[in-house]
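Residue numbering for the sequence shown is 9 to 445, as defined by the working numbering.
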Amino acid sequence: MELYLVLEVISEFILATMSIIAILIIELTLKRQNKHISLLFLQLAILSFAFFNITNSLSILLVNRYFSHITGMLMFPCVLFMVIGINYSLKESYFSNILLIIIALGSLLIYLGFQLDAVYFDENNEIYRWDNAFMILAGIFNFINPLYLLYWGFRTWRNSPYHTKREAIIFFMGHIIFSFGAVVFLTLFLFEPLFIVLANITLAIGEGCMIFALIKDPRILHILPIHIFRIIVKNREGHPIYDFSWSDYNIRENVFSGFLNAVQKMSEDIMNIGSVLNITLEDGILNLNESEYITVGIVASKSSKSLRESLVNFTLDFEEEFKRLLKKSCLDINEYKSAYFLVKKHFSNYSTRFITSKKSLLYLPLEKNKAFKVIESKIRNIITDDNELKIIQEDLVKTPSSYNLEFLELYEELKDETEELNYNLLDNPDTDLQDPK
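In structure tokens form, the structure reads like this:
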């Protein structure tokens, strides 16, 4: 066997292994979150790519024509699932004009793949290669795949919030390297088979960059072109009981006064219980959902099916979590502060704190994010009550870390002074504490 064929087999097994690792990373890092449907199709696309590399390697190692047929046909599900996943990610609909073209060409690819003349035996290298129309169609799919991936990487980078921009750039660079290897080196492979090794190396580097970005911040996988700003919960009498704001980005107070007026005018003639109503405001879309005890509104840049589903699920969980308080018509906002964890549960798939620059109030650079964990750990040692700790954790997330550090420094100073005072009292129990004046 030629040396380049050995290198090709090794590199393709590496690519298959990296693809499986990428699937596991997606599954493990997002298993506790509401995983968007686009990720399911993207995982299927990655799995198809892994099988593509495995069957191609087996075709070379075993000199088996059937594996060569299967390898070419696997290009169809790989591209099909990828396009559906990206469509769902960008516009929450599987349909697009290119999808119709892919289905038509894919059906033809499968038909040609079952023909005996789809592959031929290369006597010089002693391997089976694609031939005739089957080779042309497989080559077309081989170009569609990286180019559409490049488009998705670009859109992900464009839509990513500021605090994930660095990981999004790495993710996008991975797509560029992957696409370069697939398009340029695989084109040169038609003239010189040795270029397949360089192609696989660049594909591995590109995929490695994507995996690294996913490990650093898995949220870049499901950055939707939707920005959520604020969520408000009112009881049926119209009293506010919960209010959470992600960001002050490009949103004015008239949005929220519009929300208040809209809720006051709501009636069952306009909005049925359990349904979601969208109201277009000057600076965004107000999504309203009404249940038996509460009305929930969320202001976002636009409405979407997934956002409406998240809103309905949040409403149901909020009502279930605080049903006892709602039945008593409790208006104490502090009683509902633990709803922050419901916000994290249902709206983790959306860009939060949509910051545009380092001057934004809520921006926390990497070193402060590390300090945040230290601060939270110290507060756990101070606060023993779980309910109080949850409330403080919620405020801690929204408070600049410098304030938290000042609080802890003051606490340590007071603690030291108290200990010193107690020590002096123990040494001199007869000492009277007099006014220094």
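Ideal placement from N, C-alpha and C gives every residue a C-beta, glycine not left out.
8 Å Cβ cutoff met for residue i and residue j
i, j, result
"M143", "I118", "no"
"M90", "F149", "no"
"V304", "I239", "yes"
"N153", "C86", "yes"
"E147", "H77", "The displayed chain sequence assigns Gly, not Glu, to residue 147. Not in contact: G147 and H77 (Cβ atoms no closer than 8 Å)."
"S19", "V205", "yes"
"L334", "I302", "yes"
"G93", "A53", "yes"
"I33", "I223", "yes"
"L88", "R163", "no"
"V320", "F252", "no"
Cut-off 7 Å between Cβ atoms - residues of its own chain near residue i, not counting five sequence neighbours on either side
i, result
"F75", "T63, L66, S67"
"F330", "Y344"
"L145", "L113, L116, L117, L120"
"A141", "L120"
"T79", "F60, T63, N64, S67"
"L196", "F203"
"Y102", "I92, N95, Y96"
"D125", "D139, N140"
"F151", "V191"
"L69", "V17"
Residue i classed as buried or exposed, judged by whether at least 16 other C-beta atoms fall within 10 angstroms
i, result
"I111", "exposed"
"F49", "buried"
"E16", "buried"
"L315", "buried"
"A24", "buried"
"E131", "exposed"
"N297", "buried"
"I109", "exposed"
"E245", "exposed"
"F452", "Here the chain covers residues 9 to 445 and nothing more, so residue 452 does not appear."
"E35", "exposed"
"R166", "exposed"
"Q51", "buried"
"V14", "exposed"
"A194", "Note on identity: in this sequence residue 194 is Leu, with Ala being the wrong assignment. Answer is buried; the Cβ neighbour count reaches 16."
Other residues of its chain near residue i: CB distance less than 6 Å, five sequence neighbours each side excluded
i, result
"V307", "F237, R238, V263, G292, L294"
"G214", "G182, I185, F186"
"S368", "Annotation note: pLDDT 41 at S368 (below 50); position unreliable, no value reported."
"D443", "Any answer about D443 is weak, because its pLDDT of 49 lies below 50 and its placement is not dependable; what the coordinates show is given next. Result list for D443: empty, nothing under 6 Å."
"N286", "I293, N295, S311"
"A58", "A24, S27, I28"
"W160", "I94"
Presumed contact (8 Å Cβ cut-off) between residue i and residue j, rounded CB distance
i, j, result
"L158", "S187", "4 Å"
"A221", "I178", "4 Å"
"S46", "Y96", "4 Å"
"E327", "S299", "5 Å"
"I234", "S312", "6 Å"
"Y250", "I106", "Not quite, the Cβ-Cβ distance comes to about 43 Å (not below 8 Å), so this is no contact."
"V71", "I135", "6 Å"
Nearest neighbour of residue i, chosen from the options [CA to CA]
i, options, result
"P248", "F220, R137, S337, I234", "S337"
"A190", "L211, Y156, S115", "L211"
"K353", "I341, D325, L333", "D325"
"E100", "K173, L145, T323, E317", "E317"
"L198", "F180, E10, D139", "D139"
"Y156", "A176, F180, E175", "F180"
"K242", "L339, T79, L194", "L339"
"T323", "K310, A126, F355", "F355"
"E175", "I219, W160, L196, F151", "I219"
"Y128", "D225, F349, R73", "R73"
"K173", "S309, F103, P226", "P226"
The ligand MG heavy atom lying under 7 Å from the CB of residue i
i, result
"S19", "The model depicted lacks the ligand MG and carries no ligand whatsoever."
Own chain residues within Cβ distance below 8 Å of residue i, not counting five before or after
i, result
"Y12", "P201, L202, I204, V205"
"N133", "E10, L13, P201"
"Q123", "F142"
"S104", "V91, N95"
"I209", "S19, G189"
"D393", "none"
Test: residue i CB closer than 8 Å to a CB of chain D
i, result
"S168", "Looking for chain D here will not work: only one protein chain is present."
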